[in-house]
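Heads up: the sequence shown begins at 1364 in my numbering, then just goes up one per residue. All remarks here apply to the structure that follows.
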Amino acid sequence: MATIDPFVLRHLADLQPTLYWLDADPLEPESHSALIGDITTDLCIVGAGYTGLWTALLAKERNPEREVIIIEQRETGAGASGRNGGFCNSSLTHGFINGYARYKDEMQIIERLGRENHDAIEETIVKYGIDCDWERTGELRVAVAPWQLEGMKEEAALRNSYGDNVELLSKEEVQARVKSPIYVGALFDHDGTALVDPARL
């Protein structure tokens, strides 16, 4: 059995198993009590992640009289939407290359729908004045070896031909953003990723 370095243990001693988003945020609304018993509703959504909240909002916009209930195991921001670091990505296929390998003939439509969905989420946050720290940051994927950068060069050309806005960065360009001697370049997606505080959605 492997032993853990005492240096590491010392620095982890005060670590709390609390999600950043749920750590005493004064703007976070109080959770409702646990649902015990039977309820009647027009629409019941399981999960208060991005998809669940987005579905509930769209359902209410389409029919304000519709009663919508969201059931969440813990709290908003405690599941996959919050544990991912607060990233909201436009990819519908867990990354372009993964989607391209599986759905090559449909990727033009899939990429367009992903971008439209991402834009609509941002527009809705602005429309309703939701204070959730939404910021369209983009995504930087770094290369530490020349062969990785070659793959990124091919990916950038392919993705841009599908309507994405990605840029290949040289060693100097990536080091101007992230000062690390091991990065030989990067792929920067300008529009496809935002950061958000999921507990404040």
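Even for Gly, the Cβ is constructed at its ideal location relative to N, Cα and C.
| said: So, under 8 Å CB-CB, arginine 1437 and aspartate 1494 are touching, yes? Tell me the CB distance rounded to an integer number of Å. | reply: About 22 Å; that fails the 8 Å criterion.
| According to the Cβ coordinates, are glycine 1477 and threonine 1556 closer than 9 Å? | no
| query | Which residues bound the beta strand (DSSP E) around alanine 1506? | reply | 1502-1506
| request: Determine the burial state of glutamate 1469: buried for a count of at least 16 other Cβ atoms within 10 Å of its Cβ, exposed for fewer. | output: exposed
| message | I'd like to know whether the C-beta atoms of aspartate 1405 and glutamate 1430 end up nearer to each other than 9 Å. | response | yes
| request: Would you mind reading off the limits of the beta strand (DSSP E) that contains threonine 1556? | output: 1556-1558
| query | Three-state secondary structure (DSSP) at asparagine 1461? | reply | helix
| task | Using alpha carbons as the reference points, say which of Arg1522, Ser1396, Val1559, Leu1398 lies closest to isoleucine 1484. | result | Val1559
| task | Taking arginine 1522 as the reference, give the member of Ser1454, Glu1424, His1374 with the closest Cα. | result | Ser1454
| Assuming leucine 1531 and glycine 1548 make a contact with CB atoms under 8 Å, what is their CB distance in whole Å? | 7 Å
| query | Among the residues of its own chain, which have a CB less than 6 Å from the CB of alanine 1419, if the five just before and after it don't count? | reply | Ile1408, Val1431, Ile1433
| field | Nearest neighbour of glutamate 1424, chosen from Ser1394, His1457, Thr1487 [CA to CA] | value | Thr1487
| query | In chain order, what residues of the same chain have a beta carbon less than 7 Å from the beta carbon of isoleucine 1473, not counting five sequence neighbours either side? | reply | Leu1455, Thr1456, Gly1462, Tyr1466
| alpha helix (DSSP H) segment containing leucine 1421, residue limits | 1413-1425
| query | Where does threonine 1439 land, buried or exposed, given buried means 16+ other C-beta within 10 angstroms? | reply | buried
| Count the other CB atoms within 10 Å of the CB of glutamate 1479; is the residue buried (16 or more) or exposed (fewer)? | exposed
| field | C-alpha distance - aspartate 1554 paired with aspartate 1368, whole-angstrom precision | value | 41 Å
| What does a CB cutoff of less than 7 Å around tyrosine 1525 pick up in its chain, not counting 5 residues either side in sequence? | Met1470, Gln1471, Glu1474
| field | aspartate 1482 versus Leu1550, Trp1417, Gly1412, residue with shortest Cα-Cα distance | value | Trp1417
| Taking DSSP as the reference, what is the three-state secondary structure of alanine 1562? | helix
| said: With a threshold of 7 Å on Cβ separation, who are the neighbours of phenylalanine 1450 within its own chain once the five nearest residues in sequence on each side are excluded? | reply: Thr1556, Leu1558
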